[in-house]
Structures are given as C-alpha cells and as structure tokens.
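J.: Encoded as structure tokens, here's the structure I'll be asking about.
Numbering (the working numbering), first residue to last: 912 to 1570.
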C-alpha cells in the first residue's frame, strides 16, 4: 500500500521513454526476408501508443532478424491509414472486432519466424530486450515460453513472472518493487508470464493450438498457454535481462467490474474448470509470495564465498559459476551471498543468468542476520573456503539445523601452505600451515559433506579423517576443441595472476630461469602472461620474450594460437584450472609434478612433466619439432577434460550429495 500510494514522478527519466505527442511522419521498421522472430502486435485504437512502440523497435533494434506484424482489430480511429505509411511492417486488418486472442492467433498464422513474440501496443522496448529472450531459449533446453521484466513508466517493477494459486487466482511477482532489486534479477522458472511481452516457438504455439478461444475476447489466455506448454514437459521462464516498459491498463482499464477487464473474473472460472487437476499441484491461496515463488523447486540452497565469482579472474570462480548453473538445472532455488557484501550490477546479472539470486549489500544484511530470518527455509548451505566456513559453520547449525552443511575446500589450504613452507624453508609459514591444518580438519569433521577438487586430496583426507564424508567435486569445463593446427601456432602462454602465491613464484621462476634458456634453444619465442601482475613485478621481470597482458576478457584467441601452455608451479594444492582450460582448447601443457597432481594425467600421454628449467626447455622443443607428439597430447588432453572435469561428473557429485 505504501508503494502504491507513495508520491513519485510520473515518468522515470532513466527509461528514456519516447513521447506520445510526437507528430507523425512516415518512418521504416527493419525488415528481413528470413526473420528468426515474428513480433506480433495486436491493436485496437490507441494509435499514439502503437507508434511509440514501433519507434522503440526502430530505436533499439536487435542482433537477431525479426519481422513486425501489426494486427488491427477494427480500430475506430485512423490507425490503419496511418500505419499503412510505416514501411517494413506487415499490417493485417480484421473486418470486425475479434478481440485480443483471435488477433494474436491471426498474427501467428501469418508469421514466418521460428519464434513468435507477442507484444502489447502499449509497451516500449529497451536495448537488448529481444536478444535476451532468445538467449533464454538457447541456454535452457527446456524453455517453452520466455517473458520479459515488465516495468511501469515511473520505473517501478510491474511484473517479474506470475504465480498461480490452487483456486486459479494469480499474482504478478515483484509488483511495485524497485526494478533493479536483486531479488528480481535472476532468471527462473515461473507459473506464467504476461502476454504483454511473451516469446514462444511458433511450432510449440501451433502444437498447443494457439491461444484458447474459450477465453475470448481476453484474459487468462497467457496463463492458459503457460499451463499448456508446461503440460508438454517444457518450462516458463522469467527473463530479467529483457526489459519492456508497459503502460498497464491503457488497453483495457483496471476496473474488474466493467469493460474488458470484467472478463478477468469470468475467465478465472473457465481456467479452473479446464485445469482442475493441474491446480491441485499449485500453492494454496494465501501462501506467502516468497514460498509460492519456490513452490516447484526441490528446495533452497545458500552458497557463501569470500567474494562474488568472476570467471575471468580465477579458476575457482569458473568452477563456482558452473556449480551454480548445475544447481539451477537440477531444480534447486539457489542464492549466493558474498562475504565481503559486494556485487556489481554486472555480476548480479551474470549470476542471474545462471538462475542464482545474489544477496549483496545494501539490500541484504550480513549473513548472521540473514540466517536468523531465512535459515529455516534452507535445504543446504555450501560454505566455500575454510576462511568462510570457519566463521559461519556454527551459525548455520544454529539457525538452519535442518540444512545439510557442505564445506567446499576449493583446495586444501594447509597442503598448499605446507609446500610453500618447505620450498622457502620458512618456520613462520610452517606454523601458519599447521594452524590451517587444524582448522580445516575441524571444519571437515563438523560438516555433513566436504568437497575437494582432486583425487589426491580425497585420498589424503581418507587417511587423516576416515569417518568424514569427502566427495570429489573437481573443476568443471566445457571442451571447446582444437581449432587450429600445429603449423599455425607459435609462442607460449601462462594463465594466472599474482593474486595467488604459487602463480607469483611460477612467473618469477619462468622469467628468470626457464625463458632465458628456452630462447637460447628457440630464439624469438615468447611467453604471454594472461592475468593480473603488479607493476613492480613487471619491472622486476622485464626481459625479452616475457610479455604481460593483464586479465584478458576472452582466453580463446590466445589458446587458439599458442603452441603450448606452461604451468611451472613449485607448490600448491588442488586441481589447476590453467591446465584444464588449456587442454579444453586442445593446447598441450608442460607442467611440474605438483601442477598435475590428482588430475589423472600421464607424462608423455596427455601432458609433458618437467620439474626443472632444463626439462621445460626440452619439453617445449619437442612440442615445437614433433607434430605427431603435439597432436597426440592435444587429443588426449581434451579426452582427460571430458572424462574427469565435465559438467556430467560434477552434476553426479551434487546429485549424490544433495539427494
């Protein structure tokens, strides 16, 4: 009620709406002979809104090809004559007023695109709106319908997907909330989406018989369509990356007792009669909205890490994003909380595309307070890294006693610290490693399940804590394939920045000992370091052949053109994402014994192992000169990723753990 009656500007200037008062002058809408999407706009009068809608399509366009079909439902004004002057649209005219449903079905029957996009004429689209809906279909194989985030002209959220209750009543999620609230910025399955901006495959629309005429002239046809699509085993998705401004009520008003709006109550009874069996599986009327939103999920899972994952930053982030994606695919309602409280708008959107809600400040309180409020809703809590788990494991037990406590080590910190201490001979590091060992082992004993990334660490913990349940959940990679032959490749890459101590040591060793000897054997060869490196270190290691590029947005161009990837790590733990990533592109790897530990790799078969500078030189020269060896390592490396570091292997581990 406060949001409804709060005084606010009529228009949000950030939305940059087009004026309804702009004098008409002929214009053109983009047209193509072979559109992927057919945008169907039914109209009945309200010419100013229709023109603004069409102008917004021109203004924002799309990467994909589309056609625009306007169905004039016997408008009493001069819509037909004016729209005839808009080049590029296909104008269909009903001889009599047939209503919204018949107009939409007529437009769909005339469409040429693989996809149909039903769009109200009292809407204006925004940049990227159409491409985002198509991405939803591309990234969700079970997507039957995708709907946009609808916002009011004043900027408030109008709809973030719709809910249907057991009595057939409906509610639009997020109504009157801030449109950028993180709670409504993640892609999720929902009961239905509004026909104001709804995308469906043309073949699926034909298969279910289009909009059901029994709801004529309008209302509940979009809800009915969603239930029909769900009956096919497909899902309806709300897509927050697609934003459409909707002037709700312009077409039919808002009074449920008169005019077109009265059919909303009439058609509810029709809907209940048709879907009586399916409605028994919907939440009872009166169920809280937060619970109703997750009614069909398997349960709610909270994931906590030190900071928001950024796949371009480190392999741990890449793995965590893949885990979040898998949790969503397995039907869990997932939320992520960064312990530092920070998440940029871009990061919220990126995790939102994985179906994950981001709980960040200032909208979300610190974890202890959040657990007090929501702990009883959780099926499981995944705490990443011992620094995070050490703070919150006891709080999870206190406020979410029913939840499974899962400790994701990411890698065993104490093992990495022990090896660093041995390499440096530092007594201080040795004491730190012992402190970490005691802490990590205590957390493993306290947790229901512990995740490790390597079989070596799993075997080690089996000896140290035989009663603990330790699951292997390793790095997760897609296999991109080898896209360029040996003859088109040159130079070497090192993937990783100096935020990780083993990388810092490796870069220094590579620059001071390995590369100088390598350039004696292969003059002109270079090593490209892809990752954040401090300016002092760049100056310290400035030498011919060592090139620092910082964090790059895409590794593919480098991995498509380099001869090999180096992993000269002299200490560390866990599985090395830099090795997985290179092998996923068919790039042979030269690495130390510690770097390949627990990765099911064999020297000379799918990797070349080198533990001193001279051995690195010999290995690189072999790859340079021996095409047969290079091709064998390329193929076998991809096989290793496919067998041991795939989405399927990780999915099985999560399924075993969460049940």
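Glycine included, C-beta positions come from ideal geometry on N, C-alpha and C.
Remember, predicted model here, so these are calculated numbers, not experimental data.
Around the C-beta of residue 1421, are 16 or more other C-beta atoms found within 10 angstroms, so that it is buried, or is it exposed?
T.: That one is buried.
J.: For my contact list, residue 1395 and residue 1471 are in at a C-beta cut-off of 8 Å; report their separation, rounded to the angstrom.
T.: Rounded, the Cβ-Cβ distance is 5 Å, consistent with contact.
J.: So the candidates are 1304, 1487, 1080; which of them puts its Cα closest to the Cα of residue 1196?
T.: Checking every option, the nearest Cα to that of residue 1196 belongs to 1080.
J.: Exposed or buried, which one is residue 1460 when buried takes at least 16 other CB atoms within 10 Å?
T.: Result: exposed.
J.: Enumerate in chain order the residues of its own chain whose CB-to-CB distance from residue 1391 is below 6 Å, with the five nearest sequence positions on each side excluded.
T.: Within the same chain, residue 1391 has close Cβ partners 1495, 1496.
J.: Label residue 987 either buried or exposed according to how many other C-beta atoms from any shown protein chain fall within 10 Å of its C-beta, with 16 as the threshold for buried.
T.: Result: exposed.
J.: In its own chain, which residues sit with a C-beta less than 6 Å from the C-beta of residue 1578, not counting the 5 before and 5 after it?
T.: Shown here, the chain extends from 912 to 1570; a query on residue 1578 therefore has no answer.
J.: Taking three-plus beta-carbon pairs below 8 Å as touching, is the segment 1266 to 1278 in contact with the segment 1085 to 1099?
T.: Result yes; three or more Cβ-Cβ pairs closer than 8 Å.
J.: Using beta-carbon positions only, say whether residue 1484 and residue 1233 come within less than 8 Å of one another.
T.: Their beta carbons are not under 8 Å apart, which means residue 1484 does not touch residue 1233 by this criterion.
J.: Consult DSSP for residue 1207 and reduce its assignment to one of helix, strand or coil.
T.: Looking at residue 1207 - three-state DSSP - the assignment turns out to be coil, as it is neither helix nor strand.
J.: Is residue 965 closer than 8 Å to residue 997 when the C-beta atoms are compared?
T.: Cβ atoms of residue 997 and residue 965: closer than 8 Å.
J.: Note down, one range per segment and in chain order, each alpha helix (DSSP H) of at least 4 residues found wholly within the segment 1488 to 1560.
T.: If we require 4 residues or more, the alpha helix (DSSP H) runs fully inside the segment 1488 to 1560 come out as 1488 to 1495, 1524 to 1536, 1538 to 1555.
J.: At a cut of 8 Å, does the segment 1003 to 1011 reach the segment 1038 to 1054 through at least three beta carbon pairs?
T.: They do not touch, by the three-pair rule.
J.: Where do the N-terminal and C-terminal ends of the alpha helix (DSSP H) with residue 1333 fall, by residue?
T.: Start and end: 1324 to 1335.
J.: Based on the DSSP secondary-structure assignment, which residues constitute the bridge partners of residue 1363?
T.: 1383.
J.: Output the distance between the C-alpha atoms of residue 1251 and residue 1215, rounded to the nearest integer angstrom.
T.: So the two alpha carbons sit approximately 10 Å from each other.
J.: Apply the 10 Å Cβ neighbour rule to residue 1297 and answer buried if 16 or more other Cβ atoms are within range, or exposed otherwise.
T.: Burial call: buried.
J.: What are the uninterrupted segments assigned as alpha helix (DSSP H) that are 4 or more residues long and contained completely in the segment 945 to 1027, given in chain order?
T.: Within the segment 945 to 1027, the complete alpha helix (DSSP H) runs of at least 4 residues are 958 to 971, 990 to 994, 1011 to 1020.
J.: What are the complete alpha helix (DSSP H) segments, minimum 4 residues, inside the segment 1114 to 1156?
T.: Whole alpha helix (DSSP H) segments, 4+ residues: 1132 to 1142.
J.: Express the C-alpha separation of residue 1058 and residue 1141 in angstroms, rounding to a whole number.
T.: Straight-line Cα distance between these residues: approximately 14 Å.
J.: Taking the beta carbon of residue 1134 as the centre, do at least 16 other beta carbons fall within 10 Å, making it buried, or is it exposed?
T.: Its Cβ being crowded by 16 or more others within 10 Å, residue 1134 is buried.
J.: Check whether the segment 1183 to 1201 and the segment 1433 to 1450 are in contact - that is, three or more C-beta pairs closer than 8 Å.
T.: Touching, no, given that fewer than three Cβ pairs across the two stretches are closer than 8 Å.
J.: Which residue wins for smallest C-alpha separation from residue 1191, given the options 1113, 1178, 1076, 1084?
T.: Checked all of 1113, 1178, 1076, 1084; the closest Cα to residue 1191 is 1076.
J.: By DSSP's criteria, residue 1475 is part of a beta bridge. Which residues make up the other side?
T.: Beta-bridge pairing links residue 1475 to 1403.
J.: Just to confirm, are residue 1524 and residue 1425 a CB contact at a threshold of 8 Å?
T.: Taking 8 Å as the Cβ cut-off, residue 1524 and residue 1425 qualify as a contacting pair.
J.: Who are the Cβ neighbours of residue 1532 in its own chain at under 7 Å, not counting the five residues just before and after it?
T.: 1432, 1433, listed in sequence order.
J.: Using a Cβ-Cβ cutoff of less than 6 Å, which residues in the same chain neighbour residue 1162 once the five nearest sequence positions on both sides are dropped?
T.: At residue 1162, the pLDDT of 47 sits below 50, so the modelled position is not reliable; the number obtained from the coordinates is stated separately. Here the set comprises 1033.
J.: Nearest to residue 1474 by alpha carbon, out of 1082, 1295, 1136, 1499?
T.: It is 1499.
J.: Helix, strand or coil for residue 1185, going by three-state DSSP, please let me know.
T.: Residue 1185: helix per DSSP, three-state reduction.
J.: Starting from the C-beta of residue 929, find all residues in its chain whose C-beta is less than 8 Å away, skip the five residues before and the five after it, and write them out in chain order.
T.: Correct list, in chain order: 963, 966, 967, 970, 1035.
J.: Taking three-plus beta-carbon pairs below 8 Å as touching, is the segment 1235 to 1243 in contact with the segment 1120 to 1135?
T.: Cβ pair count under 8 Å is below three, so no.
J.: Does the beta-carbon of residue 1085 have 16 or more other beta-carbons within 10 angstroms, so that it is buried, or is it exposed?
T.: Result: buried.
J.: So residue 1069 packs on residue 1159, CB below 8 Å; how close in whole Å?
T.: That belief holds up - the Cβ atoms of residue 1069 and residue 1159 are roughly 6 Å apart, short of 8 Å.
J.: Between which two residues does the alpha helix (DSSP H) holding residue 1249 run?
T.: Not the alpha helix (DSSP H): residue 1249 falls in the beta strand (DSSP E), residues 1244 to 1249.
J.: Distance check for residue 955 and residue 1102, CA to CA, integer angstroms please.
T.: The straight-line gap from Cα to Cα measures roughly 28 Å.
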